[in-house]
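Trainee: Structure incoming, see below.
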Amino acid sequence: MPTVLGIAILGSGRVARARLRELHERFDTRVAVVASHDFNRAYELAFPIAAAATEDWEEAIARPDVDAVMVCSTNPHHARMAQAAIAAGKPVSVDYPLALTLTDAEQLVEQSRARGVVLHVEHIELLSAWFEAFRKALPRIGRVHHITWNNLSSRPAAPEDWTFDRAHGFSLFQQASVPSRIIACVGQITWIEGQETFSDEQGTRFGRRATNLRFGFGAEGSGDISDALTRHEETGPAAELQAVGEYGTLIGRHHREVWYTKPEGTATEAVPVMPRSGLFAHDITAFLDAIAGRGTPYVSLDHVLAALRFADAAERAVKSGQRVTLTPA
20 MPTVLGIAIL GSGRVARARL RELHERFDTR VAVVASHDFN RAYELAFPIA AAATEDWEEA
80 IARPDVDAVM VCSTNPHHAR MAQAAIAAGK PVSVDYPLAL TLTDAEQLVE QSRARGVVLH
140 VEHIELLSAW FEAFRKALPR IGRVHHITWN NLSSRPAAPE DWTFDRAHGF SLFQQASVPS
200 RIIACVGQIT WIEGQETFSD EQGTRFGRRA TNLRFGFGAE GSGDISDALT RHEETGPAAE
260 LQAVGEYGTL IGRHHREVWY TKPEGTATEA VPVMPRSGLF AHDITAFLDA IAGRGTPYVS
320 LDHVLAALRF ADAAERAVKS GQRVTLTPA
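This note's numbering puts the first residue of the sequence shown at 20, with every later residue one more than the last.
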């Protein structure tokens, strides 16, 4: 690999712009090309940094001045773009989810390992300051008996907001951060069941989604996920992760604070959360370190697949109305 890596950015949305800003600050990379289905958007990002712009993402990957690829496009394109980069022998970073089916994700991991090509999947939720504090505090509560995620996201549904579109994947594929954090806390999920409902549907778009799941882990551990996405004005819990263990309870709230409560609620104390910024910068550094063979990735491909196995089982449980058992990987 050259000293300064030529990067292809596939996509022109919010995350693509964030990655481009971080890459432009580095001395060991240069953005060679930006690809978007909308050429004007690609040109808008590429022109100020003297990069090429194209509507053809396959052409972008094939360029001789491209040494590595960053997939920042919408979810349905992730698998095809990653597969093309791997086939070209070029390291590839993919914003989660890696794919919209478990089979596609497993094939991509197998192909990358067989060809010896770096495949990095972004999971910056594992890098966030509050979750890092939460996970480091877990030993204080001993063995976890129960873990829950509760969230209500209420916001306008702009036409370009793909999270209100079922075509972009089952909820836990769209929000891989939810199973990712749970698995990081309790490990292998053993079974899952639940329901998912939609309202105000027009084609594949919807106005409200409510996901309610129950799952098991370890010998007797259990958990719940209650997650709603709505364009209506509603109030309710916002981003709360709670783990109940032998020696107390941990609660992470609003993506910024963590609290520890002793058994039987005898006392509550704040867990220090050290400020952290530039999560995309950390993620990009992890990708470049993997290319250079330096350090240990903050997220392994085994973890990526474990999160998607959770999502796949949840989708099957919702569709069948039956409990789905997960077999060990």
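Cβ coordinates follow ideal geometry from the N, Cα and C atoms, glycine included.
What you are looking at is a predicted structure, and each value in this text was computed from that prediction instead of being measured.
(1) Helix, strand or coil for Asp-302 per DSSP?
(2) In chain order, which continuous runs of the beta strand (DSSP E) of length 3 or greater are located wholly inside the stretch 110 to 175?
(3) What span of residues does the beta strand (DSSP E) with Ser-218 cover, start to end?
(4) Go ahead and label Gly-297 buried or exposed: buried means 16 or more other beta carbons lie within 10 angstroms of its beta carbon, across all protein chains shown.
(5) For Leu-24, which three-state DSSP category applies?
(6) Can you tell me where the beta strand (DSSP E) holding Ser-241 begins and where it ends?
(7) Pull up the distance between the alpha-carbon of Leu-121 and that of Phe-153, whole angstroms please.
(8) Give the straight-line distance between the Cα atoms of Glu-144 and Arg-342, rounded to the nearest whole angstrom.
(9) Using the DSSP secondary-structure output, state which residues sit across from Asp-184 in a beta bridge.
(10) Beta-carbon within less than 8 Å of Leu-146's beta-carbon, same chain only, minus the 5 sequence neighbours each way: which residues are those?
(11) Which runs of the alpha helix (DSSP H) fall wholly inside the stretch 24 to 108 and span at least 4 residues, in chain order?
(12) May I have the straight-line CA-CA distance separating Phe-183 from Ser-218, to the nearest angstrom?
(13) When you compare only the Cα positions, how much space is there between Met-293 and Glu-276?
(14) Checking 9 Å against the spacing of the C-beta atoms, do Leu-39 and Val-90 come in under that value?
(15) Three Cβ pairs or more, each shorter than 8 Å: is that satisfied between the stretch 45 to 62 and the stretch 107 to 117?
(16) Find out if the Cβ-Cβ distance for the pair Gln-126, Pro-347 is shorter than 9 Å.
(17) What are the boundary residues of the alpha helix (DSSP H) that includes Arg-200?
(18) By Cβ distance below 8 Å, which residues in the same chain neighbour Glu-74 in space, the five residues on each side in sequence not counted?
(19) Does the distance from the CB of Phe-192 to the CB of Pro-116 come in under 9 Å?
Mentor: With the structure as the only source:
(1) helix
(2) 111 to 114, 138 to 141, 163 to 173
(3) 208 to 218
(4) exposed
(5) strand
(6) 240 to 249
(7) 28 Å
(8) 28 Å
(9) Arg-224
(10) Arg-295, Leu-298, His-301, Asp-302, Tyr-317
(11) 33 to 43, 58 to 65, 76 to 81, 97 to 106
(12) 11 Å
(13) 10 Å
(14) no
(15) no
(16) no
(17) 196 to 205
(18) Ala-54, Ser-55, His-56, Asp-57, Phe-58, Ala-61
(19) yes
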